[in-house]
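Engineer:
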Amino acid sequence: MAEGDDGQEKTEEPTQKRRDQAREDGSIVTSKEVFVFASLAGGTGLLVLMQGLLPALVRGWSGYFVLQPGTDLDAATFARLGQAWTEVLLWGLAVSVPLLAVVLLVQYGMGGINFSTKAMNFRPDRVNPLAGMKRMVSVKALVELAKAIVKVGLLIGVAVVVMRDQLGPLDRLWTAAPGDAAAVMGAGLVRLLSALLVVLAIIGGLDLAWQAWSLTNSIKMSRQDLKEEAKESNGSPEVKGRMRRMQMEASQNGARRRAALADVPQATAIVTNPTHFAVALRYVPGETSAPRILALGKGPMALDIIERGRRAGVGTLRIPLLARALYFTGDIGQEIPEQLYGAVAAVLAHVYRLDRGEFADPPEVEVPDELGFDEFGRPLKGA
1 MAEGDDGQEK TEEPTQKRRD QAREDGSIVT SKEVFVFASL AGGTGLLVLM
51 QGLLPALVRG WSGYFVLQPG TDLDAATFAR LGQAWTEVLL WGLAVSVPLL
101 AVVLLVQYGM GGINFSTKAM NFRPDRVNPL AGMKRMVSVK ALVELAKAIV
151 KVGLLIGVAV VVMRDQLGPL DRLWTAAPGD AAAVMGAGLV RLLSALLVVL
201 AIIGGLDLAW QAWSLTNSIK MSRQDLKEEA KESNGSPEVK GRMRRMQMEA
251 SQNGARRRAA LADVPQATAI VTNPTHFAVA LRYVPGETSA PRILALGKGP
301 MALDIIERGR RAGVGTLRIP LLARALYFTG DIGQEIPEQL YGAVAAVLAH
351 VYRLDRGEFA DPPEVEVPDE LGFDEFGRPL KGA
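For reference, each letter of the sequence shown is one residue, going 1 to 383 in the UniProt record's numbering.
#1: Judging by CA-CA distance, which residue of 9, 23, 193, 279 is the nearest neighbour of residue 158?
#2: If you compare alpha carbons, which of 369, 10, 14 is closest to residue 212?
#3: In whole angstroms, what is the alpha-carbon distance linking residue 206 and residue 243?
#4: Since residue 372 contacts residue 343 with CB under 8 Å, what's their CB separation in whole angstroms?
#5: Alpha helix (DSSP H) containing residue 306: first to last residue?
#6: Taking 8 Å as the cut-off, decide whether the C-beta atoms of residue 275 and residue 312 are in contact.
#7: Report the three-state DSSP secondary structure of residue 378 (helix, strand or coil).
#8: Look at the alpha carbon of residue 16 and the alpha carbon of residue 210, and state the distance between them as a whole number of angstroms.
#9: Tell me, which residues are paired with residue 221 by DSSP?
#10: Does the Cβ-Cβ distance between residue 439 and residue 319 come in under 8 Å?
#11: Which residues does DSSP list as the beta-bridge partners of residue 297?
#12: What does the alpha-carbon distance come out to for the pair residue 91 and residue 85?
#13: Enumerate in chain order the residues of its own chain whose CB-to-CB distance from residue 385 is below 7 Å, with the five nearest sequence positions on each side excluded.
#14: Taking C-alpha atoms, which residue in 50, 197, 221 lies nearest to residue 18?
#15: Near residue 375, what residues of its chain come up, given a Cβ to Cβ distance below 6 Å and the 5 sequence neighbours on each side ignored?
#16: Comparing C-alpha positions only, which one of 291, 107, 323, 37 sits nearest to residue 28?
#17: Whole-angstrom Cβ separation of residue 40 and residue 155, contact assumed at under 8 Å?
#18: Taking residue 257 as the reference, give the member of 191, 293, 340, 230 with the closest Cα.
#19: Residue 102 and residue 42 look like a contact to me (Cβ under 8 Å); what is the Cβ gap, rounded to whole Å?
#20: With contact counted as at least three CB pairs below 8 Å, one residue from each stretch, are the stretch 329-348 and the stretch 281-293 in contact?
#21: Round the Cβ separation of residue 296 and residue 365 to the nearest angstrom and send it over; I've been treating them as touching at under 8 Å.
#22: Taking the alpha carbon of residue 36 as the point to measure from, which residue in 10, 82, 100 has its own alpha carbon closest?
#23: Going along the chain, which residues of its own chain have a beta-carbon closer than 8 Å to the beta-carbon of residue 284, five neighbours each way excluded?
#24: Could you tell me whether the Cβ atoms of residue 31 and residue 145 are closer together than 8 Å?
#25: Identify every residue that forms a DSSP beta bridge with residue 315.
#26: Return helix, strand or coil for residue 24, following the three-state DSSP convention.
#27: Using the three-state DSSP reduction, which class does residue 5 fall into: helix, strand or coil?
#28: Compute the Euclidean distance between the alpha carbons of residue 163 and residue 47, then round it to the nearest angstrom.
#29: Report buried or exposed for residue 341, applying the criterion of at least 16 other Cβ atoms within 10 angstroms of its Cβ.
#30: Quick check on residue 285: does DSSP put it in helix, strand or coil?
#31: How is residue 383 classed by DSSP in three states: helix, strand or coil?
#32: Less than 8 Å between the beta carbons of residue 203 and residue 151, yes or no?
#33: Please name the residue or residues paired with residue 335 in a DSSP beta bridge.
#34: For residue 93 and residue 225, what's the separation of their Cα atoms in angstroms?
#35: With C-beta atoms as the reference, is residue 317 less than 8 Å away from residue 271?
#36: Within a Cβ cutoff of 6 Å, which residues of the same chain sit near residue 1, ignoring the five residues on either side of it in sequence?
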């Protein structure tokens, strides 16, 4: 059982991300035995298609090598021999291109065609004698050895059985014409290859299943690996939980602030920024020991508070620094911070004078340095 560096057993099925990583490293499902079967099947198919042409091709090609008695090896003779070999090369190319296409299609069907530069990178363990010895005595190496022995034994056995019935016709080929000999040999070769293909198909299927299992087993993951991957993909559970809590709190705060808008008409005063922030305050002597925040908001909600206060006749003062201090340090239903008592008292006194019909200049209020904020809630000084 494969184990990770942390001692945990790798028993979990690999994720798609792990499979993709293995593919990038050059590890894909492939089978040499399937390639052998596919190549031989393609060659046999071409041989069957060309079986009728084979005698004529052999006759024509052998004619290039027939020399009349007394013929000198002059330039014309060598030209004929060169033409013969040219035809051989062209026919070989015509046969190899379809076979290459068959091999590529087979690989595409097994595990896809993959070009990985990582697989070509230099790795010290590949030239390490100790690592090489370990690979030689590994389970995979023993399986490959057993597979090779079984394959050779089966192929030899099948070949002997098939060729035993062909010994008579083959023995008479010594006296046959080249074209006739080619026809007999072609038919016998097709029978032999067909029998071998049956064996190779079985071996290839078993080897493909083994290679797929071996690859999957080599990239299995431990539970810790799964946790690490999930953390990389989705973020740590702690961060996700904190984000969910923050989102929930933001949603709850938004609902509370919307609900608090109904209390704006009961406010004593509204302090604004003038449009970015708005805080509705209520203070009735004997009701509470200090002014209390009825509603607060910014942006569209601030405009809503101002409009509701205007319709209810609530006095509104534009004091940006105080509005931001109340917004960032206070909360709905709570009394204002003690450090702002003096500033808010000046605001309320001004509102009371206005309610009595007295003319008064807007008050000059002082906000402690540690409660000075910009519109983003960042401290302006100190604190």
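Ideal Cβ positions, reconstructed from N, Cα and C, are used throughout, including at glycine.
Structural biologist: Taking the geometry as given:
#1: Taking the first residue of the sequence shown as position 1, residue 158 is located at position 158. The residue with the shortest Cα to Cα distance from residue 158 is 193.
#2: As a first step, residue 212 is located in the sequence shown; it is residue number 212 there, counting from the start. Residue 212 has its Cα closest to that of 14, out of 369, 10, 14.
#3: Indexing the sequence shown from 1 puts residue 206 at position 206. Indexing the sequence shown from 1 puts residue 243 at position 243. If I take the Cα positions, the gap works out to 51 Å.
#4: Numbered from its first residue, the sequence shown carries residue 372 at position 372. Numbered from its first residue, the sequence shown carries residue 343 at position 343. Not quite, the Cβ-Cβ distance comes to about 12 Å (not below 8 Å), so this is no contact.
#5: For the purposes of this step, residue 306 is identified with residue 306 of the sequence shown, where counting begins at 1. Residue 306 -> alpha helix (DSSP H) spans 300-312.
#6: As a working note, residue 275 is residue 275 in the sequence shown. As a working note, residue 312 is residue 312 in the sequence shown. Contact: no.
#7: In the sequence shown, residue 378 corresponds to position 378, counting from 1. In this structure, residue 378 counts as coil in the three-state DSSP scheme.
#8: Reading the sequence shown from its first residue, position 16 is the one you call residue 16. Reading the sequence shown from its first residue, position 210 is the one you call residue 210. In a straight line, the C-alpha of residue 16 is about 20 Å away from that of residue 210.
#9: Position 221 of the sequence shown holds residue 221. Partner(s): 12.
#10: Nothing about residue 439 can be read from this structure; the chain reaches only from 1 to 383.
#11: For the purposes of this step, residue 297 is taken as residue 297 along the sequence shown, with counting starting at 1. DSSP output for residue 297 lists 278 as bridge partner(s).
#12: Mapped onto the sequence shown, residue 91 falls at position 91. Mapped onto the sequence shown, residue 85 falls at position 85. The alpha-carbon atoms of residue 91 and residue 85 are separated by roughly 10 Å.
#13: Residue 385 lies beyond the residue range present for the chain, which begins at 1 and ends at 383; the question has no answer from this structure.
#14: What you label residue 18 is simply residue 18 of the sequence shown in a count that begins at 1. If we check each option's Cα against that of residue 18, 221 comes out closest.
#15: As a working note, residue 375 is residue 375 in the sequence shown. Excluding residues within five positions, the ones whose Cβ falls inside 6 Å are 276.
#16: Translated into positions along the sequence shown, residue 28 becomes position 28. Checking every option, the nearest Cα to that of residue 28 belongs to 107.
#17: Residue numbering aside, residue 40 sits at position 40 when the sequence shown is read from its first letter. Residue numbering aside, residue 155 sits at position 155 when the sequence shown is read from its first letter. Cβ-Cβ separation between residue 40 and residue 155: approximately 11 Å, too far for a contact (criterion under 8 Å).
#18: Taking the sequence shown and counting its residues from 1, one reaches residue 257 at position 257. Nearest of 191, 293, 340, 230 to residue 257, Cα basis: 293.
#19: As a first step, residue 102 must be located in the sequence shown, where it is residue number 102. As a first step, residue 42 must be located in the sequence shown, where it is residue number 42. A Cβ-Cβ separation of about 4 Å places residue 102 in contact with residue 42 under the 8 Å criterion.
#20: yes
#21: Along the sequence shown, one-based indexing puts residue 296 at 296. Along the sequence shown, one-based indexing puts residue 365 at 365. At roughly 18 Å, the Cβ-Cβ gap does not stay under 8 Å, so residue 296 and residue 365 are not in contact.
#22: Your numbering for residue 36 matches position 36 in the sequence shown. Nearest of 10, 82, 100 to residue 36, Cα basis: 100.
#23: Position 284 of the sequence shown holds residue 284. Result list for residue 284: 268, in chain order.
#24: Translated into the one-based positions of the sequence shown, residue 31 becomes position 31. Translated into the one-based positions of the sequence shown, residue 145 becomes position 145. Cβ atoms of residue 31 and residue 145: not closer than 8 Å.
#25: As a first step, residue 315 must be located in the sequence shown, where it is residue number 315. Looking at the DSSP assignment, residue 315 forms a beta bridge with 269.
#26: The residue you call residue 24 lines up with position 24 of the sequence shown. The answer is helix: DSSP assigns residue 24 an H, G or I state.
#27: Indexing the sequence shown from 1 puts residue 5 at position 5. Low confidence applies to residue 5: its pLDDT is 47, below 50, so where it sits in the model is not reliable enough to give any reading.
#28: As a working mapping, residue 163 is identified with position 163 in the sequence shown. As a working mapping, residue 47 is identified with position 47 in the sequence shown. Distance from the CA of residue 163 to the CA of residue 47, rounded to the nearest whole angstrom, comes to 18 Å.
#29: As a working mapping, residue 341 is identified with position 341 in the sequence shown. Looking at its Cβ environment, which holds fewer than 16 other Cβ atoms inside 10 Å, residue 341 is exposed.
#30: In the sequence shown, counting from the first residue as 1, residue 285 sits at position 285. DSSP, reduced to helix, strand and coil, places residue 285 within a strand of the structure shown.
#31: Counted from its first residue, the sequence shown places residue 383 at position 383. Any reading at residue 383 must be qualified, since the residue scores a pLDDT of 49, below 50, and its modelled position is unreliable; the value itself is stated next. DSSP places residue 383 in coil when its eight states are reduced to three.
#32: Your numbering for residue 203 matches position 203 in the sequence shown. Your numbering for residue 151 matches position 151 in the sequence shown. Against a cut-off of 8 Å, the Cβ pair of residue 151 and residue 203 comes out as a contact.
#33: Position 335 of the sequence shown, counting from 1, holds the residue named residue 335. DSSP output for residue 335 lists 292 as bridge partner(s).
#34: For the purposes of this step, residue 93 is identified with residue 93 of the sequence shown, where counting begins at 1. For the purposes of this step, residue 225 is identified with residue 225 of the sequence shown, where counting begins at 1. Taking the straight line joining both Cα atoms gives about 50 Å.
#35: Start at 1 with the first residue of the sequence shown, and residue 317 comes out as number 317. Start at 1 with the first residue of the sequence shown, and residue 271 comes out as number 271. Cβ atoms of residue 317 and residue 271: closer than 8 Å.
#36: Against the sequence shown, residue 1 aligns to sequence position 1. Low local confidence applies: a pLDDT of 42 at residue 1 is under 50, so the model's placement there is unreliable, and no value is given.
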